[in-house]
Structures are given as C-alpha cells and as structure tokens.
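J.: Numbering (the working numbering), first residue to last: 1 to 246.
Next up is a structure, given as structure tokens.
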C-alpha cells in the first residue's frame with residue numbers, strides 16, 4: 001500500500017480489519033467500512049486511553065475513507081488527532097500526527113473543501129522538513145506529503161504547482177527514493193500529469209496533453225495488473241486515460 005511508509009505501526013491482530021492477509025492490500029468500498037466499524041465495536045468498550053481502543057479508532061478512520069464515507073471518516077480522524085495530541089507522549093507520536101493529518105486532507109479534498117485541504121497539506125509539508133531532520137518523519141513520508149501538497153496546490157494555482165514540482169525536482173527525488181514501479185512514484189507522476197493538463201476548461205498544449213495521456217495510460221496498465229481491473233484506483237486511472245484519449 002502506498003501509505004505503508006506513513007502508517008504508524010499497528011498491532012498485527014488488528015491489521016485483519018484493514019488489510020487482506022494474503023495480498024496485504026487495504027480493503028476498499030463497503031467491505032472496508034463494515035470492517036472498520038466491526039473493529040471499533042470490538043474495542044470501544046475498553047477504557048479511554050487504552051492502546052487497542054486508540055488503534056481501533058485510527059483503523060475506523062482509515063477504513064471509512066477507503067469505503068468513501070469521507071464525512072464519517074473525517075469525524076473519526078479528527079477525534080483521533082485530538083486523542084494523539086492530548087494523550088501522553090510515546091515513541092512515534094509525532095509521526096502519527098503527520099499521518100492522521102494526511103488522511104484528513106484526503107477526506108477534505110473529497111468533500112470539496114479545497115482551501116482547508118490545501119492549508120492542512122501545506123502544514124504537513126512545511127513541518128515535515130524539520131521533522132525529517134529530527135528523525136520524527138521518514139524522507140519517504142515527507143516526499144509523500146510534498147506530492148499531496150502539490151496535488152492540492154494544483155487545484156487552486158496551476159502555475160504555482162508546476163513551479164513547486166520543478167523547484168523541488170519532485171519526480172526525480174521520488175523515483176530515486178521509491179523506485180520507478182512504486183505506487184508513490186505513480187502517484188507523483190499522476191500529479192505531474194494533472195499539472196500538465198491545468199485548467200480542464202481550457203485546452204492545454206498538444207505536447208502537454210500527449211505527455212499527460214501517456215502517463216495515465218501507463219499507470220492505468222500497471223494498476224490493473226497490480227490491483228485488478230475492478231479496484232477503484234485502477235478504474236479511476238483507466239477512465240482518466242479514456243477521457244484524455246477522446
């Protein structure tokens with residue numbers, strides 16, 4: 001999973017609510033949401049502050065997001081963020097805060113709350129540089145936050161997003177850190193393709209359109225092979241490729 005390097009360590013017996021034991025891919029759709037609620041129901045009765053109860057709340061937020069129940073997921077994630085910030089200090093606490101904010105950004109984007117999403121992702125990205133230096137956040141997680149920030153920035157300021165991706169040499173750094181066929185590299189290229197397209201209401205230059213289309217087609221092929229044709233991410237990329245080829 002492309003979030004694996006960001007997700008805090010979870011108790012193995014609780015991972016069954018979030019990931020397939022055979023392929024280690026996160027559940028999605030109605031199955032993800034149902035398993036998230038099942039996990040929470042199993043541990044909500046424990047005392048406030050109990051570790052397994054806390055992890056179950058985190059899994060609920062993740063699972064609801066994968067189930068496309070973004071408003072409910074955001075509620076769970078916000079409650080989780082408060083818990084982490086106000087709870088006692090522990091190893092990995094700061095990394096958990098970055099992770100939860102990243103998930104909240106996804107929900108805000110899907111709910112159409114662009115300004116809030118951009119502000120949260122900017123906060124994650126800007127705070128990440130110092131956190132990497134302190135060893136709190138891995139360079140892989142920080143690069144993922146950079147991709148997320150660029151994706152949100154592109155929705156409000158295409159020129160600024162292009163400049164950010166160029167100035168940060170983002171594609172080269174992500175490819176070097178993750179490898180060419182890693183989902184995070186695909187996500188970076190996906191974001192880059194959208195910066196090429198720019199405002200969908202205007203026709204972009206033919207060369208940019210051709211490059212963006214080639215990226216979509218290539219990633220769609222790889223995601224179908226890795227996730228299966230029925231997976232939402234594979235379907236999304238395939239649909240995007242068809243639209244650009246039309």
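Don't be surprised by glycine CBs; every beta carbon is placed ideally from N, CA and C.
Nearest-angstrom Cα distance between residue 216 and residue 44?
T.: In a straight line, the C-alpha of residue 216 is about 42 Å away from that of residue 44.
J.: How long is the line joining the alpha carbons of residue 49 and residue 146, rounded to whole angstroms?
T.: 32 Å
J.: With a CB to CB cut of under 8 Å and the five nearest residues on each side skipped, what residues in its chain are close to residue 59?
T.: 10, 14, 17, 18, 36, 39 and 40
J.: Across which residues does DSSP place residue 106 in a beta bridge pair?
T.: Residue 106 is not bridged to any residue.
J.: Figure out for me which residue from 206, 134, 162 and 115 has the closest Cα to the Cα of residue 192.
T.: When each option's Cα is compared against that of residue 192, the closest is 162.
J.: What separation, rounded to the nearest whole angstrom, lies between the Cα atoms of residue 167 and residue 221?
T.: 29 Å
J.: Compute the Euclidean distance between the alpha carbons of residue 105 and residue 121, then round it to the nearest angstrom.
T.: 6 Å
J.: Beta-carbon separation of residue 81 and residue 97 under 8 Å?
T.: yes
J.: How would you label residue 142, buried or exposed, when you count the other beta carbons within 10 angstroms and need 16 or more for buried?
T.: buried
J.: Just grab the DSSP bridge partners of residue 26 for me.
T.: 19
J.: In angstroms, rounded to a whole number, what distance separates the CA positions of residue 190 and residue 138?
T.: 22 Å
J.: What residue from 153, 64 and 119 has the CA that sits closest to residue 31's CA?
T.: 64
J.: Are the beta-carbon atoms belonging to residue 114 and residue 155 less than 8 Å from one another?
T.: yes
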